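Protein chains in written order, with this note's numbering: chain A, 453 to 675; chain B, 453 to 675.
2 protein chains.
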Amino acid sequence: MKEYIAILKNTKLFAGVGENEIEAMLSCLGATSETYQKGEYVFRAGEHINQLTVLVEGELHIQRDDYWGNRCIVSRIAVGEMFGEAYASPDSGALLNDVVAVRSSVVMFFDIHRILSVCPSACRFHSLAVKNIFYAISEKNRKLVAKLGHISQRTTREKLLSYLSDEAKKQNSSIFQIPFNRQQLADFLSVDRSAMSNELCKMRDEGLIEFEKNMFKLFSHCD
Amino acid sequence: MKEYIAILKNTKLFAGVGENEIEAMLSCLGATSETYQKGEYVFRAGEHINQLTVLVEGELHIQRDDYWGNRCIVSRIAVGEMFGEAYASPDSGALLNDVVAVRSSVVMFFDIHRILSVCPSACRFHSLAVKNIFYAISEKNRKLVAKLGHISQRTTREKLLSYLSDEAKKQNSSIFQIPFNRQQLADFLSVDRSAMSNELCKMRDEGLIEFEKNMFKLFSHCD
DNA sequence: CCTCTTTTGTTGCAAAAACAACAGACTTGT
DNA sequence: ACAAGTCTGTTGTTTTTGCAACAAAAGAGG
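What follows is the structure in structure tokens.
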């Protein structure tokens, strides 16, 4: 587990905590770790969890398949990100989505109650950790709202433009990579892949965008 | 401001805190209050805020109008609920949505930094408040994910069924009221009102549901 | 009680999306 | 290098949506 301390140091959860201090916290917080192969489930919709979870290697998707097999990718978890924290509250119900490894991944689990319940003065980092968790979940909240902004657009084109311009803004460049292939992007925006592919090509023909694989370029006259 | 202490007592933020203790906390947390008439904006998209906010009277909508005038109601704030807490982090950007009074409302503002930054031992309720905020934001997170589940359905009918069955489950009855009129429901599900109205009536004709104004009844053969 | 406004349901039409099926390009593993 | 599998774009058909316009019903206010 110690091999991941360098990674944990750069996570939102441990922001402001030194490496040697993290090592001390690991046992204090009851940390464990687990490895998942591509396609394996970390959690499944319907489960009840009471752990705080951090991805230290690989990539995860928070997603859900409905009766008809339509997949919806709610969000993507990159190395250093937390997940499941919204279900750490005592009265949170069952998990609404699956958590799946997109590729070989390593996950660390922390006992949320130890973080929240232990007297804050017992370990000087408890209060820092709580604040960090608050910031992290706030950020996730804003991400969800942003995504809601994308998929509440009426047409596929509007959804794409909303997502792509947001991504360009985040990466601070009109040329940028997206972390999805076409099927995943369609699942993320909850539209049909072929219709989306069609729309992308139309937009390219109209000179709005250019793309090659996961690399996109936006032209300024996109409104 | 003291007239709202009885209400604050039942909010998520002050869960577990007695009335007399709340009064002491109000000044400790730098609380202020403000009244808004129907249609007035509490916050506007683009603003930067650093306050925690609680609705103590009335009703608010978190919403956004796009270039074409399509409105999207992201969520609804009822008395006792917090809002804006996701933008209390130091590096949170501008507000993505407007916050509007649906009817005459009273809002209380708390300085988030006083809650998070003050030494937890200074006031025995700081750590409780932090935990409460964490739980509240977690719940909002789950709400957002649930809403995402509704609007990521492909057809209007699926969106309606997803929303209505969720509402029935929450209210624990197949007969229930929804907190929206038709236009608001359409804005919430981001679909066209007339198309939605059409679909509702078709579903009624098919014996899936019954409704009158805001009262809905779901029949069990809804899958 | 009447008028004005808001809300809800209804219809027809044009635009868009979902779906299915397929072909070519690209990967991967052997 | 070859075969199997995956990813992406393309096309045609069917279904659904968005939009506009209107009518009936319900509410608000004088």
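Even for Gly, the Cβ is constructed at its ideal location relative to N, Cα and C. Bear in mind that the values here come from a model prediction, so they are computed numbers and not experimental data.
Within chain A, the residues that residue i reaches when beta carbons sit closer than 8 Å
i	result
Arg680 (chain B)	In the structure as shown, chain B starts at 453 and stops at 675, and residue 680 (chain B) therefore has no counterpart that could be examined.
Val506 (chain B)	Ordered by position in chain A, no residue passes the 8 Å Cβ test against Val506 (chain B), which lies about 16 Å from the chain.
CA nearest to the CA of residue i, picked from the options
i	options	result
Leu616 (chain A)	A:Val551, A:Leu512, A:Ile661, A:Glu473	A:Ile661
Glu658 (chain A)	A:Arg609, A:Val643, A:Ser625, A:Phe628	A:Arg609
Val531 (chain A)	A:Phe668, A:Ala647, A:Ile459	A:Ile459
Phe628 (chain A)	A:Ile457, A:Asn584, A:Lys669	A:Lys669
Phe466 (chain B)	B:Gly536, B:Lys583, B:Leu637, B:Ser614	B:Lys583
Gly491 (chain A)	A:Leu504, A:Ser557, A:Lys461, A:Val506	A:Ser557
Arg409 (chain A)	A:Arg645, A:Ala588, A:Pro542	Because chain A is modelled from 453 through 675, residue 409 (chain A) falls outside the range shown and cannot be assessed.
Pro542 (chain B)	B:Ser579, B:Asn502, B:Gly510, B:Arg634	B:Asn502
Ile514 (chain A)	B:Val526, B:Leu600, B:Ala647, B:Ala620	B:Leu600
Ile474 (chain A)	A:Arg594, A:Glu455, A:Lys665	A:Glu455
Ile525 (chain A)	A:Val554, A:Val506, A:Val508, A:Ser544	A:Val554
Leu568 (chain A)	B:His578, B:Val559, B:Phe562, B:Arg566	B:His578
Thr487 (chain A)	A:Gly470, A:Thr505, A:Cys480, A:Glu471	A:Thr505
Leu512 (chain B)	B:Gly521, B:Glu471, B:Phe663, B:Met560	B:Met560
Leu580 (chain B)	B:Val469, B:Lys461, B:Pro631, B:Ile457	B:Val469
His602 (chain A)	A:Ser626, A:Val643, A:Ile585, A:Ile564	A:Val643
Arg634 (chain A)	A:Ile564, A:Leu652, A:Tyr493, A:Tyr587	A:Leu652
Ala620 (chain A)	A:Val494, A:Phe671, A:Gly498	A:Phe671
His495 (chain A)	A:Ser485, A:Val552, A:Ile630	Before going further, note that residue 495 (chain A) is Phe rather than His in the sequence given. Looking at the Cα atoms, A:Val552 is the closest of the given residues.
For residue j and residue i, believed in contact at Cβ under 8 Å, the rounded distance
i	j	result
His500 (chain B)	Ala540 (chain B)	That belief does not hold up - the Cβ atoms of His500 (chain B) and Ala540 (chain B) are roughly 11 Å apart, past 8 Å.
Asp550 (chain A)	Arg516 (chain A)	6 Å
Leu548 (chain B)	Ala598 (chain A)	6 Å
Phe562 (chain B)	Gly482 (chain B)	7 Å
Leu612 (chain A)	Met648 (chain A)	7 Å
Ile589 (chain A)	Ser590 (chain B)	7 Å
Asn676 (chain A)	Leu596 (chain B)	Any property of residue 676 (chain A) remains undetermined from this structure, which presents chain A solely from 453 to 675.
Phe586 (chain A)	Phe586 (chain B)	6 Å
Lys461 (chain B)	Glu471 (chain B)	5 Å
Ser614 (chain B)	Gln605 (chain B)	5 Å
Contact set between residue i and chain A, taken where Cβ atoms lie within less than 7 Å
i	result
Ser604 (chain B)	Cys524, Ile603, Ser642
Ser544 (chain B)	Ser590, Arg594
Interface residues of chain B facing residue i [CB-CB closer than 8 Å]
i	result
Arg516 (chain A)	Gly601
Task: Segments of 3+ residues assigned as beta strand (DSSP E) that fall wholly inside the segment 635-670 of chain B - done: 661-664, 667-670
Open item on the list: Under 8 Å, CB to CB, which of the residues in the segment 579-601 of chain B have a partner in chain A?
Closed with: Ser579, Val582, Lys583, Ile585, Phe586, Tyr587, Ile589, Ser590, Glu591, Lys592, Asn593, Arg594, Leu596, Val597, Ala598, Lys599, Leu600, Gly601
Open item on the list: So if I threshold CB-CB distances at 9 Å, which residues from the segment 531-564 of chain A count as touching chain B?
Closed with: Glu537, Ala538, Tyr539, Ala540, Ser541, Pro542, Asp543, Ser544, Gly545, Leu548, Asn549
Task: Continuous beta strand (DSSP E) assignments of at least 3 residues falling wholly in the segment 523-601 of chain B - done: 523-529, 550-563
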